[in-house]
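The numbering used here puts the first residue of the sequence shown at 52, with every later residue one more than the last.
Please read the structure below before turning to the comments.
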Amino acid sequence: MPSKKVTTNFTCCKCNRALNATEDFYKSYSELYHGNQHLPICKDCFNTIFEEYYVKYHQNAKKATQRICMAFDLYYDSNLFDRCNKEGLFSIGTYLKRLNMIQYQGKTYESTLDKGVGFPGQKSSTVKTAEDEEQNNDSDVKKKDKKKWGDGLQPEDYDIMNDHYEYLKTANPNCDSNQEIFINDLCYTKMQQIKAVRSGNVDDYKKLTESYMKTFQQAGLKTVPDTADSDNEGLGVWARRISEYTPEEYYKDKKLYRDFDGIGEYIKRFMLRPLKNLMFGSTDRDEEYSVKEAEDGDDDEIQD
């Protein structure tokens with residue numbers, strides 16, 4: 052006769068619901084919860100608390116993870132967090148599931164303290180926090196980026212804004228000082244858009260998108276260079292576009308842009324020609340200003 056599967060129910064100390072112990076509660080290795088080997092609150096309530104920490108620490112998932120691990124005596128490891136945070140899509144549930152791997156079994160926040168990682172906000176010369184790790188990332192941020200965009204941003208935030216700035220400047224090479232201000236504002240908005248997508252905040256993303264479109268239209272910017280305005284562009288911009296998309300060495304007609312600015316013709320007419328006459332005694336004249344001598348018998352004689 053097959054044995055029946057015994058289901059154990061725990062009551063969440065936060066929402067007071069009776070739920071399945073193994074399915075609705077995260078596992079714990081802490082001595083505080085040794086009796087049932089699970090956290091005292093259900094997964095839904097745990098995730099809600101994590102979201103509160105996430106907002107409190109200004110959408111910094113690493114700080115929020117360390118703080119909730121400290122609150123519930125869970126093991127915190129910066130490298131494990133980074134592996135769970137690939138492409139900026141972090142899930143606290145994924146982090147806790149990986150804590151059940153063999154190398155992390157039996158570890159608690161006490162193990163984290165033994166590694167020298169302390170409490171968020173703690174000031175110590177020997178204990179590091181997630182905030183300290185963030186400050187160490189400042190070495191990866193260039194001074195010119197801090198001067199341009201301001202302090203307090205993540206290294207990836209600077210990368211996003213720099214990339215978008217380069218994109219807008221390439222599409223608008225002749226923007227004026229007012230448009231430059233708008234471009235900087237658009238870079239901030241783009242960075243916030245990406246953060247909203249990563250956090251799954253659809254409402255914020257829609258608002259930021261509307262703000263981006265209004266600012267873009269108000270600034271009169273373009274997403275691609277307008278070839279109709281090529282006459283107003285500088286020679287360097289024009290030559291760079293040709294070199295980038297159609298390298299000069301691949302033109303079939305090699306004479307097409309050989310002397311596009313007329314400098315070669317100028318040198319030939321007004322420098323090499325006079326120099327030749329001076330050195331060799333020749334009498335070559337400039338074709339544009341010279342008058343051919345009339346043939347014999349064609350000129351009328353002037354009589355008194």
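Just so it is clear, CB atoms sit at the ideal spot from N, CA and C, and this is done for glycine as well.
Determine the contact status of residue i and residue j, defining contact as a CB-CB distance below 8 angstroms.
i: F76; j: K65; result: no
i: L150; j: Y126; result: yes
i: M264; j: C238; result: no
i: Y216; j: I234; result: yes
i: N229; j: K273; result: no
i: D128; j: L83; result: no
i: I119; j: F132; result: no
i: D335; j: R324; result: yes
i: T266; j: D227; result: no
i: N87; j: A69; result: no
i: I92; j: C63; result: yes
Buried or exposed for residue i, please, with buried defined as at least 16 other CB atoms from any protein chain shown within 10 angstroms of its CB.
i: Y160; result: buried
i: T116; result: buried
i: H85; result: exposed
i: K246; result: buried
i: F61; result: buried
i: S79; result: buried
i: D112; result: A small fix is needed here, since residue 112 is Ala in this sequence, not Asp. Label assigned to A112: buried.
i: Y382; result: Given that the chain is displayed from residue 52 to residue 355, the structure contains no residue 382 and the question cannot be resolved.
i: A122; result: exposed
i: I314; result: exposed
i: N67; result: exposed
i: D202; result: exposed
i: D254; result: exposed
i: K148; result: exposed
i: V342; result: exposed
i: L329; result: exposed
i: L326; result: exposed
i: D214; result: exposed
i: M322; result: exposed
Going by DSSP, which residues form a beta bridge with residue i?
i: L70; result: F61
Which residue's Cα is closest to the Cα of residue i: the options?
i: A290; options: D133, D312, L272 and I232; result: D312
i: G144; options: D335, F97 and Q110; result: F97
i: Q110; options: A270, Q243, R68 and K158; result: Q243
i: Y317; options: C63, D208, N328 and E338; result: E338
i: L140; options: F267, S262, I314 and G251; result: G251
i: T240; options: T221, T260 and F321; result: T260
i: N225; options: M330, G287 and E207; result: G287
i: T99; options: S81, N130 and S142; result: S142
i: K158; options: S81, L219 and Q205; result: S81
i: A270; options: K306, K257, L219 and K319; result: L219
Cβ of residue i versus every heavy atom of the ligand ZN: is any distance shorter than 7 angstroms?
i: K246; result: The ligand ZN is not part of this structure, which contains no ligands at all.
Subject >> Contiguous alpha helix (DSSP H) assignments of at least 4 residues, all confined to the region 73-132 >> reply: Scanning the region 73-132 from its first residue to its last, the whole alpha helix (DSSP H) runs of 4-plus residues come out as 94-107 and 112-122.
Which ranges does the alpha helix (DSSP H) cover as unbroken runs of at least 4 residues, wholly within the region 191-245, from first to last along the chain? Every unbroken stretch of the alpha helix (DSSP H) spanning 4 or more residues and falling wholly within the region 191-245 is given here in chain order: 194-200 and 206-222.
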